[in-house]
Structures are given as structure tokens and as C-alpha cells.
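Numbering (our numbering), first residue to last: 301 to 790.
Note that the Cβ used here is the ideal one computed from N, Cα and C, for glycine as well.
Beneath this line is the structure, given in C-alpha cells, with notes to follow.
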RNA sequence: GGCGGCAUGGCCAAGUGGACUAAGGCAGUGGAUUGCAAAUCCAUUAUCCAGGGUUCGAAUCCCUGUGCCGCCUCCA
């Protein structure tokens, strides 16, 4: 079995062979931290989180770098307009760096909730200004960039393969169609490496060309090569960044290093809301903090993974409701399984017979799905097929060996937990971490269940149902099973 | 105007030439189980946007048309 990845650069699915045996370097474009993260961030970073998790599952030693863009770049286009971070900072009446800190924390808070494992290195653009200046100088020295009015631009016409990622040709672009042509540029498609700071600009640094700030594309080139080397394995990002951002990164990096840049380019698709792209400038975005009020982070994660990363998803309450129920079903089975696991009492640490083969089959099916360009939708289907069979097993009257139970549980932990991140370590019934509250809550519920059982024995159904209904209103679901009465939180 | 993508059951969504008599989730219907529920199980629901072509064989490849979306300005 070999992992295959769709490479935007070659426009085909390719076998994944890392640059250095056993190791993978991956760089994913991070957020610009000037607002709370939204559903779009969730899709992107969940997708790449699973990529990293699966690569690690396959045994690769992965170094995952994801930048934090903490210098604003510009509101209107790459070369004009106001710095987004400054603009927002003024609005909120805080220092730009204060704003950055605030939203960076917000970002991590939400990503942690979504169960994304943090990157190994999270470099910040403002922490790499000298390197960015150095790269711009190098490009000038090589004759691929020029200074104009204290700004520096990359000379696109010097590069024969500019456009190889996005499939664009310079002369086919309708320059100036939507933005005004900057007269400082030799060619309309030239892009800024360094911009002169106009009066009143706050976030600025000294440079050989005067006081200014770096162009947007430069940071990713600099930080990826610094931490992953001039050539590295995977570069990921949103599909909307293929052009110009990633195209420009390639131009800068490959010109400077005279080496291939990223070997596999992965692009995740967009989130739409009512069929329309969700964009910062469109103002129709749903923040994760708002979404979390209605749905659990794991439900959102499951919803995202139910569609291939390269397909768009439409965010809707109906869609999330459906996902919520599906995930609940999976969790129910796992909880039942784990309850049974501690109590079956019979020995035999490994699965034998039918189940040995079945588990092997499910593992293979899961990995085959993931090997096909991280097909999480199909991988989830494999888990649901398993779930049906596990439910049948748990419902049957036959004795189940501890080995089977524990191997099924470990399959859920490995694939549902470690790889997809949708199966929690513990299936907890409580919200509270406080041991005293936890204990009291449990005792109270048990007391009510005991009372209800007495009523049931006396066939006083009305009273018994009243307790069940009341508990249900409080979010506690009672399930009368053959052997005992179980409860769980909704 | 240029470049790219998508169109699969009521909804969401895999599958991209032959075990597809099309995965999986949600919803519906009928049944089993239950004091009633909950949970679970069983059964049931599609010929793949339209038309043409290639092929022994197509949802899957090619052409035409229709509709939707993204990029060419910041954006995950």
C-alpha cells in the first residue's frame, strides 16, 4: 500500500516519496491573526491536521510548520491599501501587537477545541524580518528584482516558468481589470517584496531601501526554507491562494535557491454558506466561537472530514445536525464497547477466529482509503461498517472474549482517535473536571435511577416515566438495557 | 476575457473504465426488541444534469449543451 497525494503542481495523483527517507517536512499557510477564526479555518486546519496525523501513523517523522501572519498586509490588494492589522487595532483601540496576541490566542483556543495537534514550529512573520530583507536583497543581486521608489518588486518577466502552479500565462491576464495598475512596476504582474511605509504606517522596519514592511509572499518562502530546507516535501494551503500567493512563493524561492521548492502542493477547498463563498471581505463568515454555541467542536470536525478536503462544503445547520447524529451513533457504540470491556471478565488477550480476520479487513480498508489522497469520507464509512458489526456483536447473546473487545477498542483508538481525531480517549459522562462535583452528580443520578427502578418494579409507569422525562430535560438520557439501566449525557 | 473545478437517491457524500446488482451518514417507511421509550438490529428507497461518441464494457474517457462555483484584489 502506498500513499498517493494529488499534487497541484503536476495536476495528478502521485505516489508520495519523501525527500529524505523516513522524514516529512510540511508547511501550511497559517492565519493572519486580526479576527476570530471562522469555519473556513476549521476546514483547512482540520484537513492538514489529519494529513500530519496520518503521515505520523505511517511511521514518518514529521516536522509540521505553520506560520502566524502577524503583519497586516493590505486590505485592497497586495500592493495598496491599509494594513489589516493596523486597521483593526485602531478600531479596537489597542496596539497592533496586542491585537495580534489576542487573536492568536483565540486561534489556538479554537484549534485546540477542534482537536488539531499544534504545529511543531509556529513562526511569526515579524520575527523573520531580517531573513525577508536578506531574500529580497538576494533577488535584487541576482537581477530578478528591482527597487522603485523605496519599494522592491519581483520582476516576473525574467522568469520563464512563472505561472507553472496556477497554469496562468502572463499575457492572458487581464491586468488592471479589477485593480489599478501600480505605475512603479515594470510589469503589472510584478509583485512586492518590500513596501515603503507611507506616513502614519505603524508596523514598519528599517531596510536597505528605507523604512517599510515586507510583501505578503515573502514570509512563507523565508520561514519554510529556514525550518524545512530549500526543498521540502509538502506545502499546503487554501485553494484561493494558488494564485498569486503560492505562485509567488515558488518564483521567489526557486529563483533565490536555484533548487525546487515544495515537492507536493496540496490545496484544500472552500467553505460556502448558502452556496456562497465565505470570505472575510464578504462579511458572511461564521466564527467558530459562534458555531461552538450550537455544535460541539468534534461534530464540526466530523462534518469536515465527511467530505474530501479538495471538495467544497456548504455550512448549514441541517448539515451539522446530521453530522451530530452520525457522530453520536459512533460514540454510543464505542461507549457501550468500553463499558463491556471492563466487565466481561473472561481472559484471552487477543482476538481469534472470525474477528481476527474482520479486524484485519477493516484496518486494510481504512488505510487504503487514506492512502488515496487522504480520503477521509471513505475512511469514515469503513468505521461505520465496523460499527454496525460491533453493535450486532454487543447485542448478541454469545460470550465475547476480552481480546476481541480490546482489539476493537484499539482499532477505534488508532483510526478514529489518533488518525482522524474524532474518538476521545475517554468516553466521559460528565462535564465537570472537579472530582467532588463529579461524584455528587453521579450519586444523584444513580439515586434517581434506583428510585425509578423501584417504581418500575411496582409497575408504576407514570411515575417512572416522569423521572426519565425530567432527566431527559436536564440532558441525561436513560437507557433500559437487559442487564442494567445505563445513562449518558446528551 | 483568461485559468480551474463541480453536477450521484428527499438531504449530505464516496466512487473516476469491468466483483457498481453505486460505500457511508442523515431523514422517511415497515418490522424486531421495549411496559412505553431510548439505544440497537433487519428490510426498503438511485442507473449517476441533458444529448452525442469511444469501448466487448462508462457514473467513471471524449465532444456539445445547460446550470452552479472558485481564481485572475486581501482571504483558509
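Contacting residues, own chain, Cβ-Cβ under 8 Å from residue i (five flanking each side not counted)
| i | result |
| --- | --- |
| residue 304 | 313, 314, 315, 316, 671, 672, 673 |
| residue 500 | none |
| residue 794 | This structure cannot speak to residue 794, because the chain is shown only from 301 to 790. |
| residue 717 | 723, 724, 725 |
| residue 727 | 631, 634, 635, 638 |
Reference residue i; option with closest CA among the options
| i | options | result |
| --- | --- | --- |
| residue 404 | 335, 507, 782 | 335 |
| residue 491 | 326, 546, 427 | 546 |
| residue 722 | 601, 769, 743 | 601 |
| residue 777 | 783, 790, 741 | 790 |
| residue 367 | 342, 330, 351 | 330 |
| residue 411 | 696, 342, 463 | 342 |
| residue 339 | 685, 598, 639, 630 | 598 |
| residue 669 | 634, 325, 354, 309 | 354 |
| residue 423 | 413, 372, 533, 365 | 365 |
| residue 700 | 542, 641, 439 | 641 |
| residue 308 | 604, 564, 657 | 564 |
| residue 348 | 440, 675, 528, 710 | 675 |
| residue 467 | 453, 542, 727, 435 | 542 |
| residue 686 | 391, 572, 629 | 629 |
| residue 452 | 615, 441, 661 | 441 |
| residue 517 | 576, 621, 495 | 495 |
| residue 306 | 711, 460, 539, 363 | 539 |
| residue 454 | 524, 310, 444 | 444 |
| residue 585 | 573, 592, 782, 548 | 573 |
Residues that DSSP places opposite residue i in a beta bridge
| i | result |
| --- | --- |
| residue 587 | 338 |
| residue 678 | Answer by DSSP bridge pairing: none, since residue 678 is not bridged. |
| residue 777 | 788 |
| residue 537 | 567 |
| residue 505 | 512 |
| residue 793 | The requested residue 793 is not part of the displayed model; the chain covers only 301 to 790. |
| residue 332 | 369 |
| residue 638 | Its beta-bridge partners do not exist; DSSP assigns none. |
| residue 532 | 562 |
| residue 468 | Paired residue(s): none; residue 468 is not in a bridge. |
| residue 492 | 453 |
| residue 315 | 304 |
| residue 326 | 364, 534 |
| residue 737 | BP columns for residue 737 are empty, so no partner. |
| residue 573 | 576, 615 |
| residue 320 | 323 |
| residue 421 | 365 |
Cβ shell of residue i (< 6 Å), same chain only, five flanking positions each side left out
| i | result |
| --- | --- |
| residue 332 | 369 |
| residue 394 | none |
| residue 791 | Shown here, the chain extends from 301 to 790; a query on residue 791 therefore has no answer. |
| residue 610 | 569 |
| residue 764 | 752, 755, 756 |
| residue 425 | 369, 370, 371, 519 |
| residue 421 | 365, 527 |
| residue 658 | none |
Cβ neighbours of residue i in the same chain (closer than 7 Å, five flanking residues each side left out)
| i | result |
| --- | --- |
| residue 607 | 613, 677 |
| residue 667 | 301 |
| residue 497 | 504, 511, 512, 513 |
| residue 469 | 463 |
| residue 771 | 748, 778 |
Residue i, DSSP secondary structure in three states
| i | result |
| --- | --- |
| residue 307 | strand |
| residue 615 | strand |
| residue 347 | helix |
| residue 673 | coil |
| residue 433 | helix |
| residue 758 | coil |
| residue 782 | coil |
| residue 521 | helix |
Status (buried if at least 16 other CB within 10 Å, exposed otherwise) for residue i
| i | result |
| --- | --- |
| residue 521 | buried |
| residue 707 | buried |
| residue 740 | exposed |
| residue 318 | buried |
| residue 476 | Residue confidence for residue 476 is low, a pLDDT of 42 falling below 50, so the modelled location carries little weight; the figure read from the coordinates is stated next. Under this definition residue 476 is an exposed residue. |
| residue 449 | exposed |
| residue 735 | exposed |
| residue 559 | exposed |
| residue 533 | buried |
| residue 478 | Confidence is the limiting factor: at residue 478 the pLDDT is only 49, short of 50, which leaves the residue's position unreliable and the question unanswerable from this model. |
| residue 633 | buried |
| residue 508 | exposed |
| residue 384 | buried |
| residue 430 | exposed |
| residue 655 | buried |
| residue 416 | buried |
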